[in-house]
Every structure is written in structure tokens, then in C-alpha cells.
Ligand code: SF4
Ligand code: SF4
Ligand code: SF4
Ligand code: SF4
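Protein chains in written order, with my numbering: chain U, 306 to 597; chain B, 234 to 538.
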């Protein structure tokens, strides 16, 4: 457009056009600057601290931020006042819904009213069974303070869990401190834990030993080429690594090895020629006898 | 020429205070009523409306969604559920009919803040030289959509003073008052009607909705205009009045056709000659009148105080 300017024939027109172009450029520049700063600001202030959990059915965080229009209808429909909208200055992306499990956990309503209320689908409407929700994953973070780890029977997180015996089980382990008791270790299973946060809320300690973390913090991820040999074997119905032939052990005469069974076996009747008896004491005594 | 005391003084003398503030009062009533409807839910437990202006549910049945916010979400790459689409369609339909910027003058809570800033600015005669193009808002509108597209986040809604204020009043305001204070001070000290009439992309979006709306301000009685300039002084979008009011000899009809007009009706209030009224955009022919250039002064004399 600029090169079309007629230099002298119509000075007022070209001057006004120049003024117009200049002011448009100024406006566009200003707007671009403002856009840039808003963009930067929003990049900076997108945040979801580990203790803040999204409502059930929330899309993956990146998609959620584009889908949620910050209307608060999910907040309003939660009968337990679990959810709130982040205010400016709070550490969660402004205007988006979240909850802090230690304050008010999700009660896992059967009809999932928060998801139903969401007009945009930022809370995915295909979530129909609350047991399929994955708001996060409980992790028993502090073994040094968890009472059960010390051998006491607190069990509160286990008992309070809506998916008791599925999401949290108590695994028995020998108590080496007393030497005669068992530890009942609360153990979370990610295939059932919804991340509702009731265990974190319930933990009797001053600061919860068990906490719900966002999945990306709580879960490890295998290298994509990794395969668990035993699972692959089960799937295939045979070993995939080496052929399932009987393993040959080069053992002294009179001994054999029972693979995946008893282990090393001494054929007792042939013990005469063998260097070692199956009874270590016997072997030792034999050594004594032979001494000069 | 002696300036009148303040715009509308003559109208008050002629029509009485109440009639000279009729539309202003109606507007404030509407803005406050809408806000109160939203606030009595969390405040008193009376749930007539749930949610906020971005999206809400009226009487547990009627979904309403702000089409601009939803558009940002779509630009961010999300395909919204039907509820939001239906809600946005209803709102779109409404503003296509009554003119988009009815949102600004009758619904938006920020308007009360900027009106206050403007009133104080006039009251204390604050002048400042800086001018902002009133097209800036369209640039900003484009940029907010571009931002949504590039960041995949409805980024503008993290700072948008309109949603900040409305959401804040209903769900807790946090530090968002600082943004509102910024808008207020900007309007008060930096530039006249800077936010609503020059920068706000929400207003820009609703302006675009109103380009063909039937509901319009008309200056049908424009030959009675006595050039007191009161309408011009109170109008938040000054540029929209001139063609309709003064365009008779250029063949321009009496309808305020600009989509920037907020349908606030303040021009109707302050005109002592009852030049303006609400009407439809159709039948916009310049009526030829012999007396166009003949400003016989029938005024009460109040203007030469
Ligand atoms: S499932 Fe129930 S308790 Fe949990 S967030 Fe939704 S509405 Fe609230
Ligand atoms: S109802 Fe949906 S769109 Fe509204 S705040 Fe909750 S998640 Fe966001
Ligand atoms: S409630 Fe806390 S202390 Fe008790 S067993 Fe669970 S994690 Fe340990
Ligand atoms: S023309 Fe009248 S109704 Fe439109 S914005 Fe101006 S004062 Fe308000």
C-alpha cells in the first residue's frame, strides 16, 4: 500500500493516508504487545500444585485448560462443597476448579453431578462410573511416620477407602523390630484408586503420610520398549527368550538341579564318591578325620 | 457560546429528574438485578441462576453460555459438549436481535466501574491528552483468539476484567480487584472511556454481533436538535451519534446504525428536545425537511445559564 503513494499530486490525501497507516501500525503494535504480555503471563501462571486435584473426569491438564470456560457449574453442583474455583493469587490457574483432598476430599457420588453439570465437556461426559475416575493416585509417602509401618494397627486410610480391599490392601510383612509380629502395610493399587483423597483426609497424623498426587507425579513410566518377560511368556503361552528345553547343569556326580523346583538335590545313596555330603556338618567332620 | 452546567441539566429542567434518568436507572437496575440473581445463590441459598456469565443454568433448566468465551475454547482446540453449544446459540440469538452491545450497557458489571470512572473524570474535569484508537478492541479481539489458538488455553480468560469481576463477585475475588482497579484508574486518569469504548475485546465481539440488529436508537426528531451537544457528551461511543443526528443533508437516515452503539439510551435521557427514541433499524430514509438548517431556538433558555 505504501508504494502506491502519489508523491505530490494529492498531498492532503497522502498525508492523511500516512497518518492512517501510522495510527493503524501504532494500534496494531500496541495490541500485539498486549497480546504478547497476556500470552507470557498465561504461560507463567498456568499451574497446578501437587496438592490441588481436578474434579472427576477432567481431561488431561493441557486439554482441560483449553476446554474449561471457568463457569463454576461443577463447583455449584457438588453436594459436598468439595470443589472451588481458583481465585487470582492462588497457586492454581485462575478460574479453574480444583480441590484439596486434605481439606475436603471427593465423596465419589454415584451420579457424578459435577461431571453432568459441566457444559463444555472439560469434565468428560463419557465418565459414567465414578470408580473409573482418576483424579490422582494415592501414594504412601512417608514410611517413617505412618503408624502401620511401625507395627501399629492404625489402618484408617485402608478402612476409609471407598474401594477398600481393591484400591488399598494391607500387605503382611514380618516385623523385624519385634521379631515376632507382622506389619500391615497399606498398599495402593493404581488400577482401582480413583484419587478421591479420602485416605489423605483420614490419615490420623499431623501431616498425612499418605497423599494423593497427580498421576504424572505418582506413576512411573516404563521405557516403551520394555517388556516384562514373565507376562509376555504368559501371553504367548511359552518362553520367548530361550527355548523351553531342560537346562543342563554341569554338576558333580550324584547331584542334580531341579529347575523352578526344590533346587540342588543330592542323590543320597551315591554320597561315597561325592566331595560334599548334603549335611554340611558331615562334610566338615570328614575334613577333620582326614587331617593328619 | 456558554456551556451548560452539565450535560442533561436542561433535560432535567424540562422533564424532571426521573424522566431525564429513565434509561440510566433502568440500566443500573438491570445490571444490579443480574448480579444479584447470581449472588443470592451462594449468598442466601436461593438458586435461580447457577454459574457465572461464562456459562450458567437458569432455574435448573435453561443453559446460557457466553459465545465469546466458548469461541476461545474452540480456538484452543476443544470441541464443546452440546449443552454449551445450545447455551451459546440462545445467547447469540438474543444479542443478534437486541444488538450485541446491550451486553455492555445492560449486563456487564465492569460497565458500572467504568461509568463511575467516567463520571468522576467529568466531575473533577480530568483531562489527559492520550488517545487510543477505538479500533484497538478489534485487534485485541483477534489477538485473544490467536492466543487461544497458539497456547491451547483460554488465556484471555485468565485476565479478562469482565469475567474476573463477575466470577470474583460470585465465587470469591482473590487478587482480581487489582485488575479492576487498573481498569478504573486507566479510565479515570489516562484516557476517556478507554476500556469499554476502545480496548475491551468482549465489547468488540458483541459489537460485531450487533451489526445488523433490528433494535436501534433513532433520531427521528433530529430537526428539533438545538445543538446543545448533551447527547454527544454523555454517549460512551460519541462517534456513532453524528451521522444519524447531523447527516440529514448528506442523505443519511436517522437510525444510529453503528454496531458500537451500546443501546444504553443515555442520549434519550439527556435530550431536552426528545430527539432520540428506541426503535427499529428499518425505514431508515432521510426525511427531507425544509427546516433542517433553520435552528429556531424554542429552548427554555436554560442552556444559556
Ligand atoms: S463426585 Fe461428588 S463429591 Fe466428588 S467432586 Fe463430583 S460432585 Fe463433588
Ligand atoms: S463445569 Fe466444566 S467448564 Fe465449568 S468450571 Fe467446571 S470444569 Fe470448567
Ligand atoms: S491413616 Fe496414615 S498413619 Fe494410618 S495407616 Fe494410613 S497412612 Fe499410615
Ligand atoms: S448512541 Fe445513545 S444509546 Fe448508543 S451508546 Fe451512545 S448514548 Fe448510548
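Built from N, CA and C at the ideal position, the CB exists for glycine as well.
In terms of Cβ geometry, residue 310 of chain B and residue 371 of chain U form a close pair [threshold 8 angstroms]. Around the beta carbon of residue 479 of chain U, fewer than 16 other beta carbons sit within 10 angstroms, so the residue counts as exposed. Here residue 441 of chain U is not near residue 483 of chain U, since their CB atoms are 8 angstroms or more apart. Look at residue 456 of chain B: its C-beta is not under 8 angstroms from any C-beta on chain U. Leaving aside the five residues that flank residue 468 of chain B on each side, the residues in its chain whose CB is nearer than 7 angstroms to its CB run, in chain order, 474, 499, 500.
Checking the 7 angstroms criterion, the Cβ of residue 414 of chain U is within range of a heavy atom belonging to ligand 1.
Within 10 angstroms of the beta-carbon of residue 482 of chain B lie fewer than 16 other beta-carbons, which makes it exposed. Collapsing the DSSP output to three states places residue 285 of chain B in a strand. In the displayed model, residue 449 of chain B falls within a strand according to three-state DSSP. Relative to ligand 2, the nearest heavy atom lies less than 7 angstroms away from the CB of residue 402 of chain U. Contact of residue 311 of chain B with chain U is assigned, a C-beta pair being separated by under 8 angstroms.
In this structure, residue 302 of chain B keeps its C-beta atom at 8 angstroms or more from the C-beta atom of residue 351 of chain U. Interface residue (Cβ-Cβ distance to chain U less than 8 angstroms): residue 243 of chain B is not classified as such. The alpha carbon of residue 413 of chain B has as its nearest neighbour, out of B:399, B:424, B:283, the alpha carbon of B:399. When C-alpha distances from residue 488 of chain B are compared across B:371, B:503, B:508, B:502, the shortest belongs to B:508. Taking CB atoms only, residue 485 of chain B has no neighbour in chain U less than 8 angstroms away. In this structure, residue 507 of chain U and residue 465 of chain U form a Cβ contact; the two beta carbons are roughly 4 angstroms apart against a cut-off of 8 angstroms.
Residue 563 of chain U has U:568 as its beta-bridge partners, per DSSP.
By the 16-neighbour rule on beta-carbons within 10 angstroms, residue 439 of chain B is buried. For residue 405 of chain U, the Cβ stays outside the 7 angstroms cut-off from all heavy atoms of ligand 1.
Interface annotation, residue 327 of chain B: not in contact with chain U, CB-CB separation never under 8 angstroms. With fewer than three CB-CB distances shorter than 8 angstroms, the region 328-345 of chain U does not count as touching the region 353-363 of chain B. Non-local beta-carbon contacts of residue 256 of chain B in its own chain, meaning distances under 7 angstroms to residues more than five positions away in sequence, involve 497, 498, 499, 501, 502 in chain order. Burial is judged here by how many other beta carbons sit within 10 angstroms of a residue's own beta carbon; residue 336 of chain B has at least 16 and is buried. With a threshold of 8 angstroms between beta carbons, residue 400 of chain B makes contact with chain U.
By the neighbour-count criterion, in which a residue is buried when 16 or more other Cβ atoms sit within 10 angstroms of its Cβ, residue 470 of chain B is buried. Taking 8 angstroms as the threshold, the shortest C-beta distance from residue 393 of chain U to chain B falls below it. For residue 538 of chain U, the enclosing alpha helix (DSSP H) begins and ends at 534-541. Three or more Cβ pairs closer than 8 angstroms define a contact, and the region 251-265 of chain B falls short of that threshold against the region 361-373 of chain B. Beta-bridge analysis with DSSP links residue 363 of chain U to U:428. Proximity to residue 495 of chain B across B:449, B:280, B:457 peaks at B:449, based on C-alpha coordinates. Residue 587 of chain U sits in a helix when the DSSP states are folded into three classes. The C-alpha of residue 560 of chain U is placed about 6 angstroms away from the C-alpha of residue 570 of chain U. The continuous beta strand (DSSP E) containing residue 402 of chain U extends over residues 402-405. Within the region 323-356 of chain B, contact with chain U at the beta-carbon level (separation under 8 angstroms) is assigned to no residue.
With its beta carbon less than 8 angstroms from one in chain B, residue 378 of chain U belongs to the interface.
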